[in-house]
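The structure under discussion appears below in the form of structure tokens.
2 protein chains.
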Amino acid sequence: MSIAKTPRPPYYAVIFSNYLSSDVDGYTETAERMLELAAEQPGFLGFESVRDGMGITVSYWRDLEAIKLWKANSEHQVAQKTGKEKWYSQFVTRIAKVERDYSLGLDEQADFK
Amino acid sequence: MSIAKTPRPPYYAVIFSNYLSSDVDGYTETAERMLELAAEQPGFLGFESVRDGMGITVSYWRDLEAIKLWKANSEHQVAQKTGKEKWYSQFVTRIAKVERDYSLGLDEQADFK
Chain A
1211 MSIAKTPRPP YYAVIFSNYL SSDVDGYTET AERMLELAAE QPGFLGFESV
1261 RDGMGITVSY WRDLEAIKLW KANSEHQVAQ KTGKEKWYSQ FVTRIAKVER
1311 DYSLGLDEQA DFK
Chain B
1211 MSIAKTPRPP YYAVIFSNYL SSDVDGYTET AERMLELAAE QPGFLGFESV
1261 RDGMGITVSY WRDLEAIKLW KANSEHQVAQ KTGKEKWYSQ FVTRIAKVER
1311 DYSLGLDEQA DFK
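Protein sequence lines, in the order shown, are assigned to chains A and B.
Following this note's numbering, the numbering of the first sequence begins with 1211 at its first residue and continues without gaps.
Following this note's numbering, the numbering of the second sequence begins with 1211 at its first residue and continues without gaps.
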């Protein structure tokens, strides 16, 4: 995992805070596939994901339209349904517009920033 | 750790993604003290924090003014300086306005939402 190198704000963050249930059959494969698929979507800017009991995954997107299209992706919809019914005991998804950011120790990206 | 029970949007999130350096002397005590101190600030709404190599801490605030006051808190400023100079090898702080959220499995908070 590494810290996502995002462009200058504004852009969007989807903060997904969650706990898994006891029934995680198929979860890991699907989670990996979803990250792979998300990365192919227009407007995807990167993601960060950490779990230690609670999981926090933050994905970054160009705009709300990109988030909407990703949410509506048919393969993602199947995963979301299974997630709600089976894999997660609790989650909150927050959609937030990043207005400012500042960093330490990341390479400046002349091609990006 | 538990998922923060935040009020209805809009509110603000500060997403702090980070890696620790090899010199973490004093880090744990200060991190705990900062969370205690943050919780006393006006406009503080909650936080979530996970580390597994990379750390992601998300704190939630009523508005930008609350974030600004917390950033300017004198004890917090000392901690921020030590963090930059010593504890963190990399971080990105992102300030984001939460526009929408949805959840599964959290108690509805009639007094809050």
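Glycine residues also receive a C-beta, built at the ideal position from the N, C-alpha and C atoms.
Source: prediction; values computed, not measured.
Legend entry - T1216/B and G1256/B closer than 8 Å at C-beta: yes
Inset, instruction - Taking only beta-carbon positions, decide if G1263/A is within less than 8 Å of chain B. - result: yes
Inset, instruction - Please compile the residues from chain A whose C-beta is within a distance smaller than 8 Å of the C-beta of T1331/B. - result: As shown, chain B starts at 1211 and ends at 1323. That puts residue 1331/B outside it, with no answer to give.
Legend entry - Limits of the alpha helix (DSSP H) - the one that E1309/B falls within: Careful: E1309/B lies outside any alpha helix (DSSP H), inside the beta strand (DSSP E) at 1298-1314.
Legend entry - Simplified DSSP assignment, three categories, for I1277/B: helix
Inset, instruction - Compute the Euclidean distance between the alpha carbons of L1284/A and A1306/B, then round it to the nearest angstrom. - result: Strictly speaking, residue 1284/A in this sequence is Ser, with Leu absent from that position. Their Cα atoms are separated by approximately 28 Å.
Legend entry - Cβ of Y1298/B within 8 Å of any chain A Cβ: yes
Legend entry - Nearest-angstrom Cβ-Cβ length linking Y1312/A and L1230/A, presumed shorter than 8 Å: With 8 Å as the limit, Y1312/A and L1230/A do not qualify as a contact, their Cβ atoms being about 33 Å apart.
Inset, instruction - Taking C-beta pairs closer than 7 Å, name the residues in chain A that K1294/B reaches, listed in chain order. - result: L1314
Legend entry - 6 Å CB neighbourhood of V1260/B in its chain, flanking five on each side removed: I1266
Inset, instruction - Could you please give the first and the last residue of the uninterrupted alpha helix (DSSP H) stretch that includes V1288/B? - result: 1284-1292
Inset, instruction - Could you tell me which chain B residues have their CB closer than 8 Å to the CB of N1244/A, listed as they occur along the chain? - result: The sequence as given places Met at residue 1244/A; Asn does not occur at that position. Residues of chain B passing the Cβ test: none, with the nearest at roughly 17 Å.
Legend entry - Proximal residues to E1258/A (C-beta, below 6 Å), its chain only, five neighbours per side dropped: A1214, V1268
Inset, instruction - Verify the CB distance criterion: does S1232/B have a CB-CB separation below 8 Å to chain A? - result: no
Legend entry - 8 Å Cβ cutoff, V1268/B in contact with chain A: yes
Legend entry - Within 8 Å, strictly: CB atoms of M1264/A and M1264/B: no
Legend entry - Bridge-paired residues (DSSP) for R1261/A: G1265/A
Inset, instruction - Going by DSSP, name the residue or residues bridged to G1256/B. - result: Y1270/B
Legend entry - Straight-line gap, V1308/A to G1293/B (C-alpha atoms, nearest Å): 23 Å
Legend entry - Any C-beta of chain B under 8 Å from that of V1308/A: yes
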